[in-house]
Amino acid sequence: MTDESRDPVRSARAVTDADEAEARRLRDSGLSQTQAAAHLGVSQPDLSRASRRWGLSWWPAPIAGQVQAERLRLARQELAEAALTDALEIRKRLWDKGLEHIATREGVETVETELPSARAVSDLSNAIERLTRVATHAADDASGHTEAAVSMLDALARGVRATVARWDEGGEDERHD
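Residue numbers (our numbering): 1107 to 1283.
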């Protein structure tokens, strides 16, 4: 047995243009260039040269990009859910009766108020603004993805807009949840 027969680089066949479709399929399935070369029965350096000629990039791997995109989509979904939870909790707190300290001639009086404090209104406004930005951004990002993601985010954005519109019209019928 000669050294040449044991060396896979020297014993591999030459890469042909007929290998391009198979090389693309292997790359799209997530195989590395070395794994694809072994599968095709060619040397990795030869496959690398042919890949450049074909305009085929092996890095970053397409699967890694999909995994990262999925991770970002899930993070955006969690952020949207957290923003919605914050807005709902602040909304519930908004209509809690509060105590206000008023200075009078007789001294400081503590009065129970039914109106929300300016701080609570400001917190709710900021929470709704954050929620709207997150939902809009997530819906924009999801426009190129699956229909399920688009419909979920679209429903979330419609719900936020409807709730804000109801509040703007003075329909506070749900304020004591």
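By construction, the Cβ of each residue, glycine as well, lies at the ideal position given by its N, Cα and C atoms.
query	result
Inspect the CB distances between the stretch 1145-1154 and the stretch 1174-1185 and report whether three or more fall short of 8 angstroms.	no
Compute the distance between the beta-carbons of GLY1287 and THR1191, then report whether it is under 9 angstroms.	One cannot answer for residue 1287 here, as it falls past the ends of the chain, which runs 1107 to 1283.
Based on Cα-Cα distance, which residue from SER1154, ARG1133, ASP1134, ARG1130 lies nearest to ALA1120?	SER1154
Counting pairs of beta carbons, one from the stretch 1229-1239 and one from the stretch 1263-1272, are three or more of them closer than 8 angstroms?	yes
My understanding is that VAL1217 touches LEU1200, with C-beta atoms under 8 angstroms, so please give their C-beta distance in whole angstroms.	Wrong, their Cβ atoms sit about 18 angstroms apart, outside the cutoff.
Kindly indicate if chain C contains any beta-carbon less than 9 angstroms away from that of HIS1145.	Of the chains in the structure shown, none is chain C; there is only one protein chain.
If you follow the alpha helix (DSSP H) that GLU1128 is part of, which residue opens it and which one closes it?	1126-1134
Taking the alpha carbon of ARG1197 as the reference point, which residue from GLU1184, PRO1222, GLY1213, VAL1214 has its own alpha carbon closest?	PRO1222
When we look at the beta-carbon of ASP1229 and count the other beta-carbons within 10 Å, is it buried (16 or more) or exposed?	buried
Work out the CA separation of SER1163 and LEU1132 for me, nearest whole Å.	12 angstroms
Within the continuous beta strand (DSSP E) that includes ALA1209, where are the two ends?	1204-1210
Per the DSSP calculation, GLU1220 is bridged to which residue(s)?	Answer is none; GLU1220 lacks a bridge partner.
The ligand SAH and GLN1150: does the residue's C-beta get closer than 8 angstroms to at least one heavy atom of that ligand?	The ligand SAH is absent from the structure shown, which contains no ligands of any kind.
Give the straight-line distance between the Cα atoms of GLU1206 and GLY1265, rounded to the nearest whole angstrom.	33 angstroms
Taking LEU1262 as the reference, give the member of ARG1225, GLU1195, ILE1208, GLN1183 with the closest Cα.	GLN1183
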